[in-house]
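Peer 1: Quick one: the structure is below, questions incoming.
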Amino acid sequence: EPEVTQTPSHQVTQMGQEVILRCVPISNHLYFYWYRQILGQKVEFLVSFYNNEISEKSEIFDDQFSVERPDGSNFTLKIRSTKLEDSAMYFCASNRGGAPETQYFGPGTRLLVL
Amino acid sequence: RKEVEQDPGPFNVPEGATVAFNCTYSNSASQSFFWYRQDCRKEPKLLMSVYSSGNEDGRFTAQLNRASQYISLLIRDSKLSDSATYLCVVTDSSYKLIFGSGTRLLVRP
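Heads up: the protein sequence lines correspond to chains A and B, in order.
For the first sequence, the numbering used here gives the first residue as 6, with consecutive numbering after it.
For the second sequence, the numbering used here gives the first residue as 101, with consecutive numbering after it.
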């Protein structure tokens, strides 16, 4: 069964450093998403992406965040200058139609900002 | 008011028990409804979609009441492997997923 994959599984960084989180969505999917989950809190939407542009972003997704689909398979989330409060689990998700159909989640990247 | 509200639990039940979770949502324009399951430090995984007519998948039954903006999940004959956090999820017109904080279930032997 096809899966969404994410790398790295864990990342530790110093405050102020840039990080890039990588995702490979399921191959025939066209809609891509990033969510985050701070430890002990709920999963929160960050951004959705379709046809090489952002469809929607939350208020969390400020100017420090950016997304890119640099090639036909990868979907990346960049945090330009990390803050302590960026420490969280970051999940990538994808689906085919974008409509209210199942979003398939990757295993996540655990980001720790020191 | 939170967009999606759930009782955080934990619900601590013996194997074989029936357990019910409830969820309310604030946006009457919500489009679709789901229950996801999340194991500790893992990604959310779809358990089932929820329809107004109600739907059943094995030991799991989900119900939606649009008038009351209320969603439920019933688990019959609980197994140890059902221990997890159950996430109530709705979508709005943009189709982003809006998660509740989850209800934790512990099934004991």
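In this text, a Cβ means the ideal position worked out from N, Cα and C, and glycines have one as well.
Between A:Leu93 and A:Gln11, is the Cβ-Cβ spacing less than 8 Å?
Peer 2: For the purposes of this step, residue 93 of chain A is identified with residue 88 of the first sequence, where counting begins at 1. For the purposes of this step, residue 11 of chain A is identified with residue 6 of the first sequence, where counting begins at 1. Note that residue 93 of chain A corresponds to Ala in the displayed sequence, not to Leu. The answer is no: Cβ separation not under 8 Å.
Peer 1: Please classify A:Gln108: is it buried, with 16 or more other beta-carbons within 10 angstroms of its beta-carbon, or exposed?
Peer 2: By 1-based counting over the first sequence, the position of residue 108 of chain A is 103. Counting Cβ neighbours within 10 Å, A:Gln108 comes out buried, since at least 16 surround it.
Peer 1: Quick check: what's the CA-CA separation for A:Phe54 versus B:Val119?
Peer 2: Position 49 of the first sequence, counted from the first residue, corresponds to residue 54 of chain A. Position 19 of the second sequence, counted from the first residue, corresponds to residue 119 of chain B. The straight-line gap from Cα to Cα measures roughly 38 Å.
Peer 1: Would the beta-carbon of A:Thr81 fall within 8 Å of that of A:Ile25?
Peer 2: Your numbering for residue 81 of chain A matches position 76 in the first sequence. Your numbering for residue 25 of chain A matches position 20 in the first sequence. Contact: yes.
Peer 1: Throw me the rounded Cβ distance for the B:Leu205 and B:Phe111 pair, which I believe falls under 8 Å.
Peer 2: The sequence position of residue 205 of chain B within the second sequence is 105, counting from 1. The sequence position of residue 111 of chain B within the second sequence is 11, counting from 1. Rounded, the Cβ-Cβ distance is 5 Å, consistent with contact.
Peer 1: Answer yes or no: does any C-beta atom of chain B fall closer than 8 Å to that of A:Thr18?
Peer 2: As a first step, residue 18 of chain A must be located in the first sequence, where it is residue number 13. No, A:Thr18 does not count as interfacial toward chain B.
Peer 1: Going by DSSP, which residues form a beta bridge with A:Lys83?
Peer 2: Within the first sequence, residue 83 of chain A is the residue found at index 78, counting from 1. A:Lys83 is bridged to A:Ile25 and A:Ser71.
Peer 1: 8 Å is my cut-off, CB to CB: does A:Ser53 come that close to chain B?
Peer 2: One-based indexing of the first sequence puts residue 53 of chain A at position 48. Output row for A:Ser53: interface = yes.
Peer 1: Could you pull out every residue in the same chain whose Cβ sits closer than 7 Å to the Cβ of B:Pro209, ignoring the five residues on either side in sequence?
Peer 2: Along the second sequence, read from residue 1 onward, the residue named residue 209 of chain B stands at position 109. Only Glu115 and Leu180 meet the Cβ criterion.
Peer 1: Find the nearest neighbour of B:Thr161 within the set B:Gly200, B:Lys102, B:Thr124 and B:Trp135, judged by alpha-carbon distance.
Peer 2: To locate residue 161 of chain B, count along the second sequence from 1; it is residue 61. B:Thr161 has its Cα closest to that of B:Trp135, out of B:Gly200, B:Lys102, B:Thr124 and B:Trp135.
Peer 1: What residues in the region 178-207 of chain B have a beta carbon less than 8 Å from any beta carbon of chain A?
Peer 2: Leu187, Thr191, Ser194, Tyr195, Lys196, Leu197, Ile198, Phe199, Gly200, Ser201 and Gly202
Peer 1: If we count the other Cβ atoms within 10 Å of its Cβ and call it buried at 16 or more, is B:Gln106 buried or exposed?
Peer 2: Translated into the one-based positions of the second sequence, residue 106 of chain B becomes position 6. Buried, since its Cβ has 16 or more Cβ neighbours within 10 Å.
Peer 1: Where do the ends of the beta strand (DSSP E) carrying B:Leu173 lie?
Peer 2: Stepping through the second sequence from its first residue, residue 173 of chain B is reached at position 73. Note, B:Leu173: beta strand (DSSP E), Tyr170 to Ile175.
Peer 1: For chain A, is any of its Cβ atoms less than 8 Å away from the one on B:Leu173?
Peer 2: By 1-based counting over the second sequence, the position of residue 173 of chain B is 73. Taking Cβ atoms only, chain A never reaches closer than 8 Å to B:Leu173, which makes this a no.
Peer 1: Can you tell me the Cα-Cα spacing of A:Val29 and A:Pro13, whole angstroms?
Peer 2: As a position in the first sequence, residue 29 of chain A is number 24, starting the count at 1. As a position in the first sequence, residue 13 of chain A is number 8, starting the count at 1. Using only the alpha carbons, I get a separation of about 12 Å.
Peer 1: The beta strand (DSSP E) that contains B:Tyr186, what's its start and end?
Peer 2: Translated into positions along the second sequence, residue 186 of chain B becomes position 86. Run containing B:Tyr186: Ala184 to Thr191, per the beta strand (DSSP E) assignment.
Peer 1: For the region 142-156 of chain B, which residues have a beta carbon sitting closer than 9 Å to at least one beta carbon of chain A?
Peer 2: Lys142, Glu143, Pro144, Lys145, Leu146 and Ser149
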